[in-house]
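Data first, discussion second: the structure below is written as structure tokens.
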Amino acid sequence: MTNHSCWPNAEADFPLHSATLEVRALRPIDKGEEVTVSYIEESLPLHQRREALQKAAEALLVVMKVPECSDSRKLEELVARRTGLPLTVVSEVRQYSRSLMKPQVSSDKRGYAPHEKLPETAP
Numbered sequence: 001m002t003n004h005s006c007w008p009n010a011e012a013d014f015p016l017h018s019a020t021l022e023v024r025a026l027r028p029i030d031k032g033e034e035v036t037v038s039y040i041e042e043s044l045p046l047h048q049r050r051e052a053l054q055k056a057a058e059a060l061l062v063v064m065k066v067p068e069c070s071d072s073r074k075l076e077e078l079v080a081r082r083t084g085l086p087l088t089v090v091s092e093v094r095q096y097s098r099s100l101m102k103p104q105v106s107s108d109k110r111g112y113a114p115h116e117k118l119p120e121t122a123p
């Protein structure tokens, strides 16, 4: 998945009745820049955002102490049980997430990578 930022460059959504995760850029993302999302409601007052982040961090630490987290397959099984998603979907999402960390090769015939700005055209 992605890390938290109070100034995220993307948003993530699980559409209803779907086993997919949609990630959309909120602004242009530079080559090599980490894709981040906000784990909390950004409109909350500062003290409530801090409390929410603290709770999220504590929950993550608890999950990371679970023995299943050290084994990829067991972690996928744990996530599948907790989310109710099929194990195949969890595996595919993890594989896709890992692929996002690798350099992307563009299939664009002009050779532009997905992060490159296309040349401007005259009107």
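Sequential numbering of the sequence shown, starting at 1, is according to the UniProt record's numbering.
Idealized CB from N, CA, C, for every residue including glycine.
None of the values given here were measured: they were computed from a predicted structure.
Residue interval of the beta strand (DSSP E) (run including A19): Where A19 is concerned, there is no enclosing beta strand (DSSP E), given that its DSSP letter is neither H nor E.
Coarse secondary structure for V35, derived from DSSP in three states: coil
Per-residue DSSP class, three states only, for E92: helix
Coarse secondary structure for R27, derived from DSSP in three states: coil
Euclidean distance between Cα positions of Y96 and R49: 30 Å
Residue 135 to S43 span [Cα, whole Å]: The question about residue 135 has no answer, for the chain in this structure spans 1 to 123.
Sheet register partners of A10 (DSSP bridge): A25
Contact belief for R27 with N3 at Cβ below 8 Å, rounded distance in angstroms: So it is not a contact: roughly 16 Å between Cβ atoms.
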